[in-house]
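In terms of UniProt numbering, the sequence shown is numbered consecutively and its last residue is 329.
Each remark here refers to the structure printed beneath this line.
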Amino acid sequence: MNALRRTATHRLRIAATGLGLLLASTSVHAQEVTLKAAVFVPPTTTYGIPFKRFVDHVNETGKGVLQIRIVGGPEAVPADGQAQAVKTGVLDIASIPPAYYKSVMVEGDAQVLSDMSLAEQRKSGAYEALNKIAIERLGSFYLTTYGIGVPFHLYVTKDMPVKSIEDLKGLRFRGQPNYNAIFKHYGIAGVNVAAPETYTALERGTVQGYGWPLWGINDFGWEKLTKVRVDPGFYNVIVNILMNKAKYDALTPAQRKVIDDAVVWFEQDNEKYTAEKTKETLDMQAKAGIKTVDFGPEFKKMAVDLYWDDLKKLSPDAITKLQSQLTKK
């Protein structure tokens, strides 16, 4: 009888220990939260990779506390709907340029025109000002930004001599909204062509050039058709990592720390990444036989001034204030 009691007691202890371990394990996993994220381009392409680097760092340092799952690029959530998806909570985070939510926050595009580093934008109060607008209109805030220091350019695919901006007058260029003011001013015809269809349009001569940032023309094979890159570059690529404000506020202090620490790491690491990627891109374009022509500093100044004027027509007071906060004195 005593032996039976000892056996029963032993089994109960084992069961209790197992239950305790199960509860402890459940408690640990209950504390880990997984955030849903999307990016405006496929995650493995030029402008998706920096976001993936951020996410990978979060997932490595946040094990057992916080993880981010990238649900995909525009094939999962259309790029022009990602900001709204973050606002409504369908997504928790999106990596997206301000052009994709310009209809509700035109002020976001002011960042494209800044000559400041991200650290300088934070120090000047510009980043805080943009965040206040984003919280009000998008229910989201900027965790961080990448692309700063990567300029936009004009590229010519027609085999022709190019010595000045006048040589581009009358040509048809594939563009996007932030090129409109430049095209109009210099007599270039802007043509709307989807990025995946642009190679064929360039090959057939439907368009004789295009506007695109320094990085990424090789994502589409355009470097094979490009004859000339116009320097200097102008504007900045801006890709903001937006996060739903209510979701962030609902995280525990430990979970928020994973995000906050990742932002600090990313902004330091991304400076080196940007410099290396830019050198790699310039080497690639040179090896592809792309020649350069320099239109001088006045071309860059004109491009920036034209777009500031365009933005001021849409939001005069806010853009004027942001211009002072986003411009070096």
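From the three backbone atoms N, C-alpha and C, an ideal C-beta is built for every residue, glycine too.
These numbers come from a predicted model, not from an experiment.
In this structure, DSSP gives TYR101 a helical state, which the three-state scheme calls helix.
Per the coordinates, the alpha-carbon of LYS245 lies some 15 Å from the alpha-carbon of ALA129. For ARG137, the closest C-alpha among the options GLY72, THR88, ILE217 and GLY209 is that of THR88. Nearest to TYR235 by alpha-carbon distance, out of PRO297, VAL55 and ILE135, is PRO297. For the pair ALA94 and ALA38, the CB atoms are nearer than the 8 Å cut-off. For LYS36, DSSP records a beta bridge to ARG69. The C-beta distance from ASP219 to THR45 rounds to 5 Å, short enough to fall under 8 Å.
Judged by DSSP in its simplified three-state form, MET243 adopts strand. Nearest in C-alpha terms to TYR186, of all of ASN178, ILE165, ASN192 and GLY175, is ILE165.
With 16 or more other Cβ atoms from the protein chains shown falling within 10 Å of its own Cβ, ALA262 counts as buried. Going by C-alpha positions, PHE152 is about 22 Å away from LEU242. Ranked by Cα distance from GLN84, the options GLN67, GLU75, ILE70 and SER103 are led by SER103. Within a 10 Å sphere around the beta-carbon of ARG174 sit 16 or more other beta-carbons, which makes this residue buried.
For the pair of segments examined, the region 153-162 was found to touch the region 223-230: the number of CB pairs separated by less than 8 Å reaches three. Linking LYS36 to TYR199 through their CA atoms gives a straight-line distance of about 33 Å. Judged by DSSP secondary structure, ILE133 falls within the alpha helix (DSSP H) whose first and last residues are 126-138. Taken atom to atom, the span from the alpha-carbon of VAL33 to that of ASP283 is near 42 Å. Short of 8 Å from the beta carbon of TYR100, and not among the five residues preceding or following it, lie these beta carbons of its own chain, in chain order: PHE40, ALA79, ASP80, GLN82 and ALA83. With respect to the 8 Å criterion, THR281 and LEU214 are classified as neighbours on the basis of their beta carbons. In the structure shown, SER117 falls within a coil segment according to DSSP collapsed to helix, strand and coil. As DSSP reads the structure, PHE234 sits in a beta bridge with PHE152.
A residue is called buried when at least 16 other Cβ atoms come within 10 angstroms of its Cβ; LYS277 meets this threshold and is buried.
In this structure, GLU107 places its C-beta atom within 8 Å of the C-beta atom of ILE319.
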